[in-house]
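Visitor: What follows is a structure written as structure tokens; I'll ask about it next.
Protein chains in written order, with this note's numbering: chain A, 1 to 384; chain B, 385 to 679.
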């Protein structure tokens, strides 16, 4: 929980002027917003609050909890993926492979060897680690766009393997349902959706904590250096390869854990999670929210997943069905809207949604503190 | 023997399709360092444009004879316009941010297939083609579908045209020089950005033509077709050397044949697997192969 409670209390010093005191108090309270959000999220399953438009039923209903849990899961996945993209500057197109590895390996071991879930999960995550270690150490031998292509190739190979169903292990295009009798009984069935929701929430908190801790660690500093200028890191006498591999494996482990959560949440493994489209959607989430920021990827992941699910429902509703075809057709395609939104964010909002508050802030201040804020905003525009 | 002939012709047809996508992809990457993830979408636009025209929606166009030629021309034109719009509206404003250029094409690559499936449904649609091209002909005892020949012929025409354009025209010279050293061309006072739009137009038209003829090859069009072909086009581009049109042609023949033969003689799907593993292996053995030169 270092993400929430570890925030240094820097505002506790005496305020400069008495008139600033309430502002400082508010700022201090505002620093605790992640804790408040976490508490709200923990108690959410007990709530019967309807959120019309946002969710189909009340917050505590099974359907809503399932959607919320999926949102949290993808928020966490995007956060883990950003360890590569935003923290180390590695554009991997193969992240889906490690996610699918966690899900498929665990599921296969349960189905074929009949081992209980806990053991299978452990083996599955170990498999994810080994896969990330082997493929990462190979892929990282090339840099730049070459790295992206090699990871894409490996992930595509995995995707083809899964869809060809070798030995009946993967279930081909249909995927394979997890054996309900081997799963913990508290995590099976619609009446236990709240437990699954808490599992997803726990995974999100864990991912945020790990990423936050890793980025703050000495290794994280080197990652930042590699992202800025890899050559310079080499000149300092450090070998970027090992640091990049560490980031790759750590992100792979987080993805494999995510695969486990997904297995529990959906009750099976599906080949859609192995495709390059899956990795591309993670990429979209991260960039949408704000690559390289603490909360951005999470926000992007949650927003993307929610929009992907809810916009589809919206299209089926009467409000959209009555519209003329020119409006109805694009609105009925969540991926179209998300793709367009993504392109717009890339163009108009470099840094993603996470930068929105600071941009609005500087835009509002510009008329008053004319020169300084304006110049800062301009500078920001020039160097996004 | 007849199986080998059939597999060879099918492999060549597939290779021709790969070449039509990869030639533009390769030029765009060689010149602009942009890996165009929307290239598959351009192919889909060409395929749907042709399908729409050939289904009788465009006056004069139809599923047979001259009407089909008109439909293919229409589909190619639509794809070309889409490529130019893509370059001007999406890629150009991000000229100083290469990574964002790639991301923006990813966004377009997601949005276009979604839009296509929104308009015409996500299921595969039967592709109308002329009677003459739906039959087979005998070659060394094998019954080879005619559409394979059409694809190969189109790819050869595109290859020759591209070679002539790059080797004999002033614009081609600028493109070649730009692939070689973009900064130097700019320093000589030539506006490389015009060449950017040009290669996008060329690449888009080749991909759209590939989409139109790919409809014949597969017998149907569906929104995800372009995206699934894109990965193999990446393999071709990397194998042939980024920026090299002739390299792309040679590589697409090899990839198409390897895929067909491996798929037939080993387990189904192993050919696809072999090709992507080939990509990884090539990149690892020859990482410099990415900075290919125009040959």
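Each residue gets a CB set at the ideal place from its N, CA and C atoms; glycine is no exception.
1) Would you tell me roughly how many angstroms separate the C-alpha atoms of residue 104 of chain A and residue 583 of chain B, rounded to the nearest one?
2) Any beta carbon of chain A sitting closer than 9 Å to that of residue 628 of chain B?
3) Quick one: measure Cβ to Cβ for residue 436 of chain B and residue 511 of chain B, integer angstroms, because I've assumed they're closer than 8 Å.
4) Take residue 120 of chain A as the anchor and find which of A:110, A:36, A:128 has the nearest alpha-carbon.
5) Which class does residue 177 of chain A belong to by DSSP, given the choice of helix, strand or coil?
6) Taking C-beta pairs closer than 7 Å, name the residues in chain B that residue 324 of chain A reaches, listed in chain order.
7) Within 10 Å of its beta-carbon, does residue 471 of chain B have 16 or more other beta-carbons around it, so buried, or fewer, so exposed?
8) Mind checking who residue 526 of chain B pairs with in its DSSP beta bridge?
9) Indicate the three-state DSSP secondary structure (helix, strand or coil) for residue 92 of chain A in the structure shown.
10) Looking at the unbroken alpha helix (DSSP H) that takes in residue 245 of chain A, where does it start and where does it end?
11) Any Cβ of chain B within less than 9 Å of the Cβ of residue 66 of chain A?
12) Identify, in the order they occur along the chain, each residue of the same chain with its Cβ nearer than 6 Å to the Cβ of residue 190 of chain A, setting aside the five sequence neighbours on each side.
13) Once the 5 residues before and after residue 680 of chain B are set aside, which same chain residues still bring their CB inside 6 Å of it?
14) Determine the chain B residues that contact residue 160 of chain A at a beta-carbon separation under 9 Å, and present them in chain order.
15) Report the three-state DSSP secondary structure of residue 477 of chain B (helix, strand or coil).
16) Can you name, in chain order, every residue of its own chain whose Cβ lies under 8 Å from the Cβ of residue 2 of chain A, other than the five neighbours on each side?
17) Relative to chain A, which residues along the region 607-625 of chain B have a C-beta separation below 8 Å, given in chain order?
18) When DSSP labels each residue in this structure, what does residue 600 of chain B get in the three-state scheme?
19) Can you tell me whether residue 281 of chain A is buried or exposed? The criterion is at least 16 other CB atoms within 10 Å of its CB, across all chains shown.
20) What residues match up with residue 235 of chain A in a beta bridge as DSSP calls it?
21) At 8 Å on the CB atoms, spell out the chain A contacts of residue 501 of chain B, in chain order.
22) Determine whether the Cβ of residue 164 of chain A lies closer than 9 Å to any Cβ atom of chain B.
23) Under the rule that 16 or more other beta-carbon atoms within 10 Å means buried, what is residue 498 of chain B, buried or exposed?
24) Please confirm whether residue 385 of chain A and residue 288 of chain A have their CB atoms less than 9 Å apart.
25) Name, please, each residue of chain A whose Cβ falls closer than 8 Å to the Cβ of residue 471 of chain B.
26) List, in chain order, every chain A residue whose beta-carbon is nearer than 9 Å to that of residue 491 of chain B.
27) Anything in chain B within Cβ reach of residue 272 of chain A, meaning under 9 Å, just list it in chain order.
28) With which residues is residue 269 of chain A paired in a DSSP beta bridge?
29) Throw me the rounded Cβ distance for the residue 96 of chain A and residue 275 of chain A pair, which I believe falls under 8 Å.
30) Express the C-alpha separation of residue 188 of chain A and residue 264 of chain A in angstroms, rounding to a whole number.
31) At a Cβ threshold of 9 Å, is residue 596 of chain B touching chain A?
32) Going along chain A in order, which residues have a C-beta closer than 9 Å to the C-beta of residue 646 of chain B?
33) State the Cα-Cα distance for the pair residue 665 of chain B and residue 52 of chain A, rounded to the nearest angstrom.
34) So, helix, strand or coil for residue 59 of chain A, using DSSP?
35) Is residue 379 of chain A helix, strand or coil by DSSP?
36) Looking only at its own chain, which residues have a Cβ that is under 7 Å from the Cβ of residue 410 of chain B, when we skip the five neighbours before and after it?
Guide: According to the structure data:
1) Roughly 42 Å between the two C-alpha positions.
2) Taking 9 Å as the threshold, the shortest C-beta distance from residue 628 of chain B to chain A does not fall below it.
3) Here residue 436 of chain B is actually not in contact with residue 511 of chain B; their C-beta atoms are around 11 Å apart, not less than 8 Å.
4) A:110
5) strand
6) Near residue 324 of chain A there are no residues of chain B at all, since even the closest Cβ is about 13 Å away, more than 7 Å.
7) buried
8) The bridge partners DSSP lists for residue 526 of chain B are B:523.
9) It is coil, neither helix nor strand.
10) 240-266
11) no
12) Once the five neighbours on either side are set aside, the close Cβ partners of residue 190 of chain A are 62.
13) Any property of residue 680 of chain B remains undetermined from this structure, which presents chain B solely from 385 to 679.
14) In chain order: 653, 654, 656, 657, 660.
15) helix
16) At residue 2 of chain A the pLDDT is 38, less than 50, meaning the model places this residue with poor confidence and gives no usable figure here.
17) 611, 615, 618, 619, 622
18) helix
19) buried
20) DSSP, once it has assigned bridges, lists no residue as partnering residue 235 of chain A.
21) 333
22) Yes, contact with chain B.
23) buried
24) In the structure as shown, chain A starts at 1 and stops at 384, and residue 385 of chain A therefore has no counterpart that could be examined.
25) Residues of chain A with a Cβ closer than 8 Å to the Cβ of residue 471 of chain B do not exist; the shortest Cβ-Cβ separation is about 14 Å.
26) Neighbours of residue 491 of chain B on chain A, chain order: 284, 287, 338, 339, 340, 341, 342, 343, 344, 345, 346.
27) Residues of chain B whose Cβ lies closer than 9 Å to the Cβ of residue 272 of chain A do not exist; the shortest such Cβ separation is about 12 Å.
28) A:176
29) 6 Å
30) 8 Å
31) no
32) Here the premise fails: no neighbours, minimum Cβ distance about 12 Å.
33) Each residue's alpha carbon lies about 52 Å from the other.
34) coil
35) Reliability of the predicted coordinates at residue 379 of chain A is poor, the pLDDT of 45 falling under 50, and no value is obtained from them.
36) Annotation for residue 410 of chain B: 621, 624, 626, 627, 628, 629, 632 place their beta carbon closer than 7 Å to its own, counting only its chain and skipping 5 residues before and after.
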